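Residue numbers (full-length UniProt numbering), protein chains in the order written: chain A, 1 to 417; chain B, 1 to 417; chain C, 1 to 417; chain D, 1 to 417.
The structure appears below as structure tokens.
There are 4 protein chains.
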Amino acid sequence: MPHAQPRSVLTLGEDLPARYAAVRGLSQALAAPLSDADATIQSMEDASPAKWHLAHTTWFWETFLLRDHAEGYALYDENWPFVFNSYYETEGERIARFSRGMLSRPTLSDIVEWRSHVDAAMDGLLGREELAPLIELGLSHEQQHQELLLTDIKHALFQNPLGVKMWDVSAAKAHSSPNDWHSHPGGIARIGHQTDGFAFDNEGPAHRVLLEPFALSSRLVTNGEWDEFIADGGYDTATLWLSDGWGWVRKNAIRAPLYWRDDEQFTHAGWQARDPDAPVTHISYFEADAFASWAGHRLPTEFEWEAIARGQEGELPAHDPQGGNQLDDATPPLPRGGAELFGDCWQFTRSGYLPYPRFRPVEGAVGEYNGKFMSGQFVLKGASCATARGHSRASYRNFFYPHQRWQFTGVRLAKDI
Amino acid sequence: MPHAQPRSVLTLGEDLPARYAAVRGLSQALAAPLSDADATIQSMEDASPAKWHLAHTTWFWETFLLRDHAEGYALYDENWPFVFNSYYETEGERIARFSRGMLSRPTLSDIVEWRSHVDAAMDGLLGREELAPLIELGLSHEQQHQELLLTDIKHALFQNPLGVKMWDVSAAKAHSSPNDWHSHPGGIARIGHQTDGFAFDNEGPAHRVLLEPFALSSRLVTNGEWDEFIADGGYDTATLWLSDGWGWVRKNAIRAPLYWRDDEQFTHAGWQARDPDAPVTHISYFEADAFASWAGHRLPTEFEWEAIARGQEGELPAHDPQGGNQLDDATPPLPRGGAELFGDCWQFTRSGYLPYPRFRPVEGAVGEYNGKFMSGQFVLKGASCATARGHSRASYRNFFYPHQRWQFTGVRLAKDI
Amino acid sequence: MPHAQPRSVLTLGEDLPARYAAVRGLSQALAAPLSDADATIQSMEDASPAKWHLAHTTWFWETFLLRDHAEGYALYDENWPFVFNSYYETEGERIARFSRGMLSRPTLSDIVEWRSHVDAAMDGLLGREELAPLIELGLSHEQQHQELLLTDIKHALFQNPLGVKMWDVSAAKAHSSPNDWHSHPGGIARIGHQTDGFAFDNEGPAHRVLLEPFALSSRLVTNGEWDEFIADGGYDTATLWLSDGWGWVRKNAIRAPLYWRDDEQFTHAGWQARDPDAPVTHISYFEADAFASWAGHRLPTEFEWEAIARGQEGELPAHDPQGGNQLDDATPPLPRGGAELFGDCWQFTRSGYLPYPRFRPVEGAVGEYNGKFMSGQFVLKGASCATARGHSRASYRNFFYPHQRWQFTGVRLAKDI
Amino acid sequence: MPHAQPRSVLTLGEDLPARYAAVRGLSQALAAPLSDADATIQSMEDASPAKWHLAHTTWFWETFLLRDHAEGYALYDENWPFVFNSYYETEGERIARFSRGMLSRPTLSDIVEWRSHVDAAMDGLLGREELAPLIELGLSHEQQHQELLLTDIKHALFQNPLGVKMWDVSAAKAHSSPNDWHSHPGGIARIGHQTDGFAFDNEGPAHRVLLEPFALSSRLVTNGEWDEFIADGGYDTATLWLSDGWGWVRKNAIRAPLYWRDDEQFTHAGWQARDPDAPVTHISYFEADAFASWAGHRLPTEFEWEAIARGQEGELPAHDPQGGNQLDDATPPLPRGGAELFGDCWQFTRSGYLPYPRFRPVEGAVGEYNGKFMSGQFVLKGASCATARGHSRASYRNFFYPHQRWQFTGVRLAKDI
């Protein structure tokens, strides 16, 4: 998951205090159903404890805003940076990633107190115009960790054989929509971040890409379609798979998407009946690619996806990025639609996560940096039901390794025309 | 760690209710300084969460006493046996050992409530004479888990780089006592459990063993002596080590006992100055054996140790097994003496953990069973500062793999004479 | 390493017999200095025994030409396909890759006999025009395995602490050439295979790509420059490295290119003094990328490299692909130049190995297939000193994982202008 | 496998030259059917290449006899000790064990030449009385490696899916003999090496052991009986197994002894029909112990086995240790009997491989030493069809880890009476 670089001086001063309060409040609201123990456990190296997300985002404010810009500010606890720094090498030593699950102390309420302390101290900085880009970055950073908090805790609760849950709500039935194809005539498309708004460094520089004619599916692949893939021997047919994917399937005895069990799937609201019309989620790139082969189509490139998302004229399409099921309050994230580009699940592209032309990471720790993850991963476009509302933009580049599937990942097919 | 088999009908009926209350109460008192999160984390596959120990011991009472002998008793939660059974194959499927650290639910207070519920139900069974052996077994079982709870939580808290603790008390200074040798003329010694009292199945049958003349050190090896071993290149000298031990040292870059850091060691009361006169603890069999080679001596056999512990006439020796620092209330376990056979730390013997002549495991789940661990491990004798008072007897056989060292393990030397 | 698909009916009939004889002969000439035992050992899963390469290439002719097109041809040994098939899933079960080093039987001379038998049988097919594309493919396939044979046996002999060699020749001193930059104004470049000549399926379809202005270094990075990188702490500076690369460096204690030792490097002619003016080889993508960061530049994309290789007008550049040090007879491969695009070493690009627009793998086993390796790998351009002469073309796409370095891999820098 | 220490000055001077020639000759005769490549491959870390055994035994003569005692002797190749030393730490650095399979050079004939050179030089030493014990040790050492050469090459050839063999002979049909029990009344038995003859250091000192009454089966468990164990679900019944054994069975999907396939087993003569009346071989301690539990009996201790082998009066029993099928010339080792204590297969005891009372390893490299393997292994008694004739004695202690099974290991049951 990327970290942000401000692209321009944003004139967002006026509503920053309100937005700061909203974002910080949402983080805590998401963790509200969790006990201290829930918030402490770590289910795998890829994931972090909920408590750690609440602390790490706070560390960000304390380190890059308060320590550097609030005169006389003293660290709340000088030992905490060691445990709540994530991967900023220039910010010094840090705890091994797989030891995060050993942090029973500080407690969840210690962290919540720290949050209040930092929020109070931040009050004095929210009006300083020169800090607005950095604050903007802090907000985006915290919103990213909100999504990770949700996907990580889902994975942790899933380990519990007692079938626990953190919310009671269950999903509405999805509407089945017929598949259709958005055609694109090809030609030169303008790609990457192009406005004065906020974006991560890896979304730029904006540049032109030459496209061949293609079409993108109007909706996501559904659970029901995935059932057909399974019934047709999808997981047993070597020739459908990338070589590494086939190795992964065999070694891990993969037979279905993550979180599937009989006709149920595990959600933040516990085990629920699986809706055949809802978009399939929690699949790996390997599975997405094999499914596309099986279906006789392919995955789109990140450029094709973005071109459709922008519309023929470079405008955003009819799809309303605000209209999805994205995270806007503390309710369980559940994909329900499938027709929207944003808001159900992240969509794998066949594009490697690599630098755009003339990309240069910014100097210093804040700019450390999306660039260093640019090997071995694939770009995902869109936004999921666990993505903060307001994080949807055509230029956004999410990225994961081809075997990872604990995020809300799904498939939108493409084809040559 | 062994599980128990009643050897005879014990006439302990009178004080069983009081002893039941004391043992059950001590388990909870030990866990009292722990938060739900502290009690949830699992630091390695060898260890279990504190919460799990509290639950597993309760599962034992519910399964083997209440379910089988209390008419009409209904399981508190029918899903819990799956997660709180440990290794009783005949009691059905159970959670993978390394997943115990994912049990944020049930919470610590859920478990405490379960304990109360079970204790109340047990009231009706404590007076039934025919159940006394099984109850005796349950008490010993729970006392063993008290020791494991303490060594496991110590290991878990040790992982936290913030240096946390669960108690505030620190150790009194140890008295340095000069080394002396208890000689034994050799001959036929009677080994194994020989009284009407309680014992685990692996302590019997009693039998005779032929000994050569030998001497056993009057005290344990100290931290200060271990410092000399290190200073003399003990960890760098291949010829001092067993072949597997040398491989272990090299692969894991072992340079000192577990929990050592500069001149400190980690304890339940956090990082403390290391007392050179206190017995060394938390060493592996490999280290114990290498130290003995370096010192020009050897480790005793379990038979030699037991012969000395029984005295020349088969009596218990001057060493008072009740006089050590053993666990009798909820205070931090810290070895302080060194002259006692019981109460400071478990003492490695060079005897493999193997069956005594005519040993047969008992039938059924309760008897599952010390016998199945009889490969690859070594016998330890004595008792540690974390052992329940009353668990000290000459015939007790503790056992661990030669690389393990998270228990309170130490060294008492022997030599041929 | 790719497998080939004929793109068009080639009119190569006339000289096919001569070329067949030359290619087949070269394979055996390369293996001539090897004993049966040399040809049997396998040093890692990535590599194969020399004997296996000689057999696998023969299997290809027997399976796809003789079995399918030579009437009445009977397999030389019906059990051999199981052991000498490589990864063609549609051709049935095959031996686990890491067990190839257990094939002490058949012997090297058994394989050589089989080769003669197959060559004799092939005589009857070399004149059949409709088979020319398939024969062309077989030749390219065998030439690729010639390069692998050389890099694999180098790795195997390197394991021997006695410092063995397979040839006696040592390298001529390289000529130091000053660095210069080939500029490119950007714009639309035509990429991919564009002629009637042979190409692998992954080199097409030809298509257009939009480039930004850039410059490509006129020569390869040298051993001497790499020494400076090391002296400047290159392997100790986290911020120079991709995140995965830094993990790889730390885990494997990487301090220098593969095959370096003091001021020597291991070659097919044994340990030799390292020439500071010769191109650095046997480095991973991670190292190439870190070096480029340290040098203040970057790696080129595969498209930039190809655009320069084709020249401004789509022509081949002054660099003569035939003029390098490439493999043309059985002499030890040693990079010596550095100014040529082809013939010293493969050059890492920052382009992921991914399908070109409208790429579709061909049906059937022969087309199994470059496509299935399209995840997690990077494209390399050029050709090395171990590449068969005649395999140099601007569209060629070699590919390896970012940690692999037993091929003759090197670095040519690029920069934005 | 142990290394030897001479116990006394042997008066074997007269026939030493003849015995030296016979032993050295047998080593080469055993390797005669092997190609250089056969002799080079290494199938697992536990095993060594045949070539390595031929070289390592020669290294022993050159190092401990010629270098130390033949004036003016110069090492044949001063780099070879590094690669042909096995585990003698005091003799300096040595090649990693798992890299032995990379030694395609020196070739098999290089080694054979070295052997001749050393044999010629040894001529001058064979008559020196003071060297007799060391020469005796060298002979025993070489004989042990003859057995390992045979079991290691069997394992290596087994990896080849083409079903190769090194000899053509197949086994005679075994005679089915009824099971009977040798009873022993218990009491004090004298254990360990007690004569002037040669023995390894771990066979002493001789000492007394107290035994309970027991009985030992008159014959080995057969393939047919093992078939019944399998048919009765032996490999699926957790309660029959040691805990570590059950983990090993599950992790490795063990379903039968090593080398079994349908109703065949792999031998030095390739795949052969399995004789139900022949002793079962190639089973692990875990399997032996589970089988004994299933049969309602147990494994003997090493002391029980030895007491029976010595007979009631301390004499050797009717079983003729020279009468078995042991290795005496270069024929394929195949167990055929089952009634003999020596000569069919090694018999697992339930005794840990631990030091006898007053055991002290001898000083120096030659005495490096059986003692350092005294953790985690079990003692095996008897001798197998691959053991050199003359290596059979009641005090011999072979030892392996409980999961290992590439030796000719079998089961002789015991019971309490």
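For glycine and all other residues, C-beta sits at the position ideal for the given N, C-alpha and C.
The model shown is predicted, which means the values in this text are computed figures rather than measured ones.
Selection from the options that minimises the alpha carbon distance to residue i
i, options, result
"K415 (chain C)", "A:R358, A:L211 and A:G371", "A:R358"
"F399 (chain D)", "D:Q407, D:S392 and D:R393", "D:Q407"
"A120 (chain A)", "A:R250, A:A29 and A:T58", "A:T58"
"G337 (chain B)", "B:P276, B:M374, B:G352 and B:D244", "B:P276"
"L126 (chain C)", "C:E304, C:D15, C:P205 and C:G101", "C:D15"
"L258 (chain C)", "C:K154, C:Q146, C:K381 and C:L242", "C:K154"
"P81 (chain A)", "A:T107, A:R97, A:F158 and A:T63", "A:T63"
"V379 (chain C)", "C:A273, C:E203, C:W248 and C:A215", "C:E203"
"A238 (chain D)", "D:H184, D:P205, D:D263 and D:F286", "D:F286"
"V209 (chain B)", "B:G186, B:L66 and B:T331", "B:G186"
Alpha-carbon spacing of residue i relative to residue j, whole angstroms
i, j, result
"D123 (chain A)", "I111 (chain A)", "18 Å"
"residue 428 (chain C)", "E142 (chain C)", "Nothing about residue 428 (chain C) can be read from this structure; chain C reaches only from 1 to 417."
"F342 (chain D)", "L220 (chain D)", "11 Å"
"F303 (chain A)", "Y401 (chain A)", "19 Å"
"V280 (chain B)", "T222 (chain B)", "5 Å"
"M102 (chain A)", "N160 (chain B)", "6 Å"
"E315 (chain B)", "V411 (chain B)", "With a pLDDT of 41 at E315 (chain B), under the threshold of 50, the modelled position of that residue is not reliable, and the figure given next carries that caveat. Near 23 Å, if we compare the C-alpha coordinates of V411 (chain B) and E315 (chain B)."
"residue 434 (chain A)", "R250 (chain C)", "The question about residue 434 (chain A) has no answer here: the residues shown for chain A are numbered 1 through 417."
"P333 (chain B)", "A386 (chain B)", "5 Å"
"W114 (chain A)", "R97 (chain A)", "22 Å"
"E199 (chain D)", "S27 (chain D)", "Before going further, note that residue 199 (chain D) is Ala rather than Glu in the sequence given. Their Cα atoms are separated by approximately 21 Å."
"A132 (chain A)", "S35 (chain B)", "40 Å"
"L242 (chain A)", "N252 (chain A)", "15 Å"
"L10 (chain A)", "P17 (chain A)", "Interpretation of L10 (chain A) is limited by its pLDDT of 36, a score under 50 that renders its predicted location unreliable; the figure taken from the coordinates is listed afterwards. Each residue's alpha carbon lies about 14 Å from the other."
Beta-bridge partners of residue i, as assigned by DSSP
i, result
"N398 (chain A)", "A:L380"
"W114 (chain C)", "Its beta-bridge partners do not exist; DSSP assigns none."
"residue 425 (chain D)", "In this structure chain D extends from 1 to 417, so residue 425 (chain D) is not present and cannot be described."
"P17 (chain B)", "Bridge partners of P17 (chain B): none, in fact."
"F266 (chain D)", "D:W271"
"R190 (chain D)", "D:R208"
"W305 (chain C)", "None; W305 (chain C) has no bridge partner."
"D344 (chain C)", "C:S384"
CB-CB length for residue i against residue j, believed under 8 Å
i, j, result
"R298 (chain C)", "A307 (chain C)", "At roughly 16 Å, the Cβ-Cβ gap does not stay under 8 Å, so R298 (chain C) and A307 (chain C) are not in contact."
"S392 (chain B)", "D344 (chain B)", "With 8 Å as the limit, S392 (chain B) and D344 (chain B) do not qualify as a contact, their Cβ atoms being about 11 Å apart."
"H193 (chain A)", "A215 (chain A)", "At roughly 25 Å, the Cβ-Cβ gap does not stay under 8 Å, so H193 (chain A) and A215 (chain A) are not in contact."
- Message: What ranges does the alpha helix (DSSP H) occupy inside the region 46 to 110 of chain A, keeping only unbroken runs of at least 4 residues that lie completely in it?
- Response: Within the region 46 to 110 of chain A, the complete alpha helix (DSSP H) segments of 4 residues or longer fall at 50 to 60 and 80 to 84, listed in chain order.
- Which ranges does the alpha helix (DSSP H) cover as unbroken runs of at least 4 residues, wholly within the region 220 to 261 of chain C, from first to last along the chain? Look at the region 220 to 261 of chain C and you find these whole runs of alpha helix (DSSP H), each 4 residues long or longer: 223 to 231 and 243 to 252.
- Quick one: which unbroken alpha helix (DSSP H) runs of 4-plus residues sit fully inside the region 130 to 174 of chain A? Chain order, please. Here the runs fully enclosed are 132 to 158.
- Task: Could you list the residues in the region 329 to 357 of chain B with a C-beta less than 9 Å from some C-beta on chain E, going in chain order?
- Result: No chain E appears in this structure, whose protein chains are A, B, C and D.
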